[in-house]
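Let me begin by presenting the structure, written as structure tokens, before commenting on it.
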Amino acid sequence: MSRARAIEVAIIGGGIGGIGAAVHLARRGTRTFTVFEKSEGPGGTWWDNRYPGAECDIPSALYSYSFKPHDWTRTHASQEEIQQYVEETIDDYQLREHIRFGVGVRSAEWHERRQQYLVTLDNDETHWFDVVVSAVGMLNVPKVPDWPGIETFEGPLFHSARWDPKAELDGKRVAVVGAGASATQVVPGLQPRVAELLSFQREPTWVLPKGDRDLTPEERKERRRFGWARKTRFDMIRAMDKGHGSDPEMIEAQRKRLTARINEAFDDRPDLAEAMTPTFQPRCKRNVFSDIYYPALKQDNVRLVPRGVERITPRGVVDSTGEEHEVDAVVLTTGFRAAEFLTTVKVTGRGGTDLHDQWGLDPEAFLGISVPNFPNFYMLYGPNTHGTVVSFVLERQAEYVAKDVRRLRKRGGGTLEVRPEANAWFQRVLQEAISKVETWKSGCNNFYTSASGKNVVQWPWTHQRYYAWTVLARRFASIHRPATAETRAARTAIVPLPQQEEAA
Numbered sequence: 135m136s137r138a139r140a141i142e143v144a145i146i147g148g149g150i151g152g153i154g155a156a157v158h159l160a161r162r163g164t165r166t167f168t169v170f171e172k173s174e175g176p177g178g179t180w181w182d183n184r185y186p187g188a189e190c191d192i193p194s195a196l197y198s199y200s201f202k203p204h205d206w207t208r209t210h211a212s213q214e215e216i217q218q219y220v221e222e223t224i225d226d227y228q229l230r231e232h233i234r235f236g237v238g239v240r241s242a243e244w245h246e247r248r249q250q251y252l253v254t255l256d257n258d259e260t261h262w263f264d265v266v267v268s269a270v271g272m273l274n275v276p277k278v279p280d281w282p283g284i285e286t287f288e289g290p291l292f293h294s295a296r297w298d299p300k301a302e303l304d305g306k307r308v309a310v311v312g313a314g315a316s317a318t319q320v321v322p323g324l325q326p327r328v329a330e331l332l333s334f335q336r337e338p339t340w341v342l343p344k345g346d347r348d349l350t351p352e353e354r355k356e357r358r359r360f361g362w363a364r365k366t367r368f369d370m371i372r373a374m375d376k377g378h379g380s381d382p383e384m385i386e387a388q389r390k391r392l393t394a395r396i397n398e399a400f401d402d403r404p405d406l407a408e409a410m411t412p413t414f415q416p417r418c419k420r421n422v423f424s425d426i427y428y429p430a431l432k433q434d435n436v437r438l439v440p441r442g443v444e445r446i447t448p449r450g451v452v453d454s455t456g457e458e459h460e461v462d463a464v465v466l467t468t469g470f471r472a473a474e475f476l477t478t479v480k481v482t483g484r485g486g487t488d489l490h491d492q493w494g495l496d497p498e499a500f501l502g503i504s505v506p507n508f509p510n511f512y513m514l515y516g517p518n519t520h521g522t523v524v525s526f527v528l529e530r531q532a533e534y535v536a537k538d539v540r541r542l543r544k545r546g547g548g549t550l551e552v553r554p555e556a557n558a559w560f561q562r563v564l565q566e567a568i569s570k571v572e573t574w575k576s577g578c579n580n581f582y583t584s585a586s587g588k589n590v591v592q593w594p595w596t597h598q599r600y601y602a603w604t605v606l607a608r609r610f611a612s613i614h615r616p617a618t619a620e621t622r623a624a625r626t627a628i629v630p631l632p633q634q635e636e637a638a
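Residue numbers 135 to 638, in the working numbering, belong to the letters of the sequence shown in order.
In structure tokens, the structure reads:
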């Protein structure tokens with residue numbers, strides 16, 4: 135066996151996934167990594183999404199690293215508290231010296247002779263890395279519709295994930311376009327501030343009760359008790375797995391409960407009750423949770439426009455019926471390009487293979503992590519890993535990566551790459567399972583499918599299965615190719631790039 139050597143790792147993204155990956159690498163003995171974060175601070179989606187009312191829509195106890203329980207102040211943490219949590223994690227694990235803020239990654243190109251990636255940054259710097267980990271996630275590129283006239287609007291117009299703090303919205307007439315998770319927070323957050331709010335909704339979605347509130351001092355004390363966080367996370371995930379699936383009777387029962395909730399919320403507004411009742415099954419779209427969205431829609435200064443947007447004019451929004459609505463500002467809560475992966479980074483693998491060319495219209499990866507022909511390249515929250523507790527899945531993936539890096543380190547380098555036959559098997563059983571989930575095909579506009587119509591986003595099984603497969607499949611699914619004398623010679627013979635000395 136080759137003598138152990140340091141493995142240089144590039145992590146693209148400093149959000150929940152990227153920081154978690156850095157911690158897991160450090161805990162397994164790898165400190166030779168650099169996190170590249172395009173924003174000026176960490177947090178990823180929580181750095182970007184600073185709109186009024188931004189908060190987590192799953193319980194705070196689930197939105198925590200297993201290695202760092204936190205004394206959350208609310209049942210569902212706010213954007214500010216999550217941001218603080220990420221900052222604390224960075225300092226607790228002494229990661230700040232390994233992070234470069236304000237620097238994005240433009241490309242990663244595999245060089246076979248060196249068995250390394252040449253990583254090019256947005257500022258044109260280049261560095262060599264043995265391993266590249268993409269932690270850019272799915273919710274990093276806002277989906278901005280190409281409506282005719284959008285560039286002619288005379289007032290502020292921006293996506294909620296690119297919130298403009300300088301926009302003067304108080305006392306204005308504001309359009310909020312979209313009816314998903316962000317809209318259910320933006321609408322209640324803006325409603326008290328604006329003169330009038332027009333909520334444009336192409337189609338409604340099922341809104342589940344959230345139970346969001348401040349935690350009492352007694353509850354926080356109980357949650358700080360040793361073992362509480364671990365047991366609670368386990369119990370919550372187990373309960374979610376028990377309710378997993380698309381049993382017709384279970385789905386119909388949920389539909390009746392949620393329909394009754396809508397009718398109760400709008401008992402004095404039958405027009406809103408009708409407009410807010412979806413025609414598709416629950417779980418066709420991502421579940422949305424809110425206790426304040428329905429009440430906000432009933433306020434005197436809020437008007438629901440149950441139609442899509444046709445075009446934008448200099449002074450307003452034209453809906454699908456041709457009616458123009460004059461507004462002072464437009465806020466887009468139109469989601470993200472979730473079914474497209476790594477759109478901001480060009481990744482080149484063996485033989486000059488471009489990742490997006492290999493994928494075509496349908497992104498895919500083994501367990502959402504590894505791709506054939508791309509050695510030592512990993513993705514966090516890659517294809518078909520959505521629909522789960524994100525922190526749970528990200529940690530399983532980070533553990534997978536950290537163990538592989540440790541394996542490379544102990545073997546003196548070389549490459550690890552998913553076997554094509556393992557990936558082919560996984561993709562086959564994955565799509566077979568997806569084809570049996572009727573709720574995802576019940577007539578809604580969701581973000582799960584690629585341009586070809588293939589579901590490339592959702593995980594169709596339980597959390598327990600994901601955990602088991604990331605533990606058991608890692609060894610048999612990957613092939614290790616050791617570093618050769620030619621590889622070592624290539625690294626010393628090729629003159630290092632000028633910037634190489636700066637790499638961590």
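A virtual CB, placed ideally from N, CA and C, is assigned to each residue, including glycine.
Relative to the alpha-carbon of residue i, which residue among the options has its alpha-carbon at the smallest distance?
{"i": "residue 463", "options": "304, 216, 184 and 202", "result": "304"}
{"i": "residue 471", "options": "393, 585, 537 and 561", "result": "585"}
{"i": "residue 184", "options": "212, 441, 340 and 254", "result": "212"}
{"i": "residue 581", "options": "488, 598, 599 and 475", "result": "475"}
{"i": "residue 424", "options": "396, 450, 587 and 360", "result": "396"}
{"i": "residue 337", "options": "258, 322, 278 and 419", "result": "419"}
{"i": "residue 570", "options": "504, 382, 142 and 250", "result": "382"}
{"i": "residue 450", "options": "442, 459, 444 and 443", "result": "459"}
{"i": "residue 168", "options": "154, 493 and 143", "result": "143"}
{"i": "residue 554", "options": "499, 574, 292 and 577", "result": "499"}
{"i": "residue 512", "options": "519, 534 and 491", "result": "534"}
{"i": "residue 518", "options": "592, 481 and 272", "result": "592"}
So what's residue i in DSSP terms, helix, strand or just coil?
{"i": "residue 136", "result": "At residue 136 the pLDDT is 44, less than 50, meaning the model places this residue with poor confidence and gives no usable figure here."}
{"i": "residue 495", "result": "coil"}
{"i": "residue 276", "result": "strand"}
{"i": "residue 158", "result": "helix"}
{"i": "residue 113", "result": "This structure gives no information on residue 113, because the portion of the chain shown stretches from 135 to 638."}
{"i": "residue 592", "result": "strand"}
{"i": "residue 235", "result": "strand"}
{"i": "residue 342", "result": "strand"}
{"i": "residue 472", "result": "coil"}
{"i": "residue 90", "result": "With the chain running from 135 to 638 in the structure shown, residue 90 is simply not present."}
{"i": "residue 145", "result": "strand"}
{"i": "residue 210", "result": "coil"}
{"i": "residue 226", "result": "helix"}
{"i": "residue 426", "result": "coil"}
{"i": "residue 623", "result": "helix"}
{"i": "residue 630", "result": "Interpretation of residue 630 is limited by its pLDDT of 47, a score under 50 that renders its predicted location unreliable; no figure is taken from the coordinates."}
{"i": "residue 174", "result": "coil"}
{"i": "residue 196", "result": "coil"}
{"i": "residue 287", "result": "coil"}
{"i": "residue 618", "result": "coil"}
{"i": "residue 247", "result": "coil"}
{"i": "residue 334", "result": "strand"}
{"i": "residue 375", "result": "helix"}
{"i": "residue 525", "result": "helix"}
{"i": "residue 84", "result": "Past the edges of the chain, shown from 135 to 638, lies residue 84, and the structure says nothing about it."}
{"i": "residue 550", "result": "strand"}
{"i": "residue 437", "result": "strand"}
{"i": "residue 366", "result": "helix"}
{"i": "residue 182", "result": "helix"}
{"i": "residue 353", "result": "helix"}
In its own chain, which residues sit with a C-beta less than 6 Å from the C-beta of residue i, not counting the 5 before and 5 after it?
{"i": "residue 399", "result": "428"}
{"i": "residue 172", "result": "238"}
{"i": "residue 483", "result": "244, 507 and 508"}
{"i": "residue 514", "result": "151, 269, 528 and 531"}
{"i": "residue 366", "result": "195"}
Below 8 Å on the Cβ atoms is my guess for residue i versus residue j; work out the distance and round it to an integer in Å.
{"i": "residue 275", "j": "residue 256", "result": "Not confirmed; about 15 Å, so no contact."}
{"i": "residue 614", "j": "residue 564", "result": "Actually they do not touch by this definition, with Cβ atoms about 25 Å apart."}
{"i": "residue 596", "j": "residue 589", "result": "Not really, about 17 Å apart at Cβ, beyond 8 Å."}
{"i": "residue 286", "j": "residue 447", "result": "7 Å"}
Which residues does DSSP list as the beta-bridge partners of residue i?
{"i": "residue 500", "result": "504"}
{"i": "residue 480", "result": "241"}
{"i": "residue 261", "result": "253"}
{"i": "residue 268", "result": "146 and 513"}
{"i": "residue 463", "result": "308"}
{"i": "residue 447", "result": "450"}
{"i": "residue 189", "result": "212"}
{"i": "residue 168", "result": "144"}
Can you find the residues in the same chain that come closer than 7 Å, C-beta to C-beta, to residue i, ignoring five residues on each side of it along the sequence?
{"i": "residue 438", "result": "333, 335, 406, 409 and 431"}
{"i": "residue 331", "result": "308, 310, 321, 324, 325, 435 and 436"}
Which same chain residues end up closer than 8 Å to residue i when comparing Cβ atoms and leaving out the 5 residues on each side of it in sequence?
{"i": "residue 453", "result": "334, 439, 441, 442, 443, 444 and 459"}
{"i": "residue 207", "result": "215, 348, 349 and 354"}
Any heavy atom of the ligand GTP closer than 8 Å to the beta-carbon of residue i?
{"i": "residue 621", "result": "Looking for the ligand GTP in the displayed structure turns up nothing, as the structure carries no ligands at all."}
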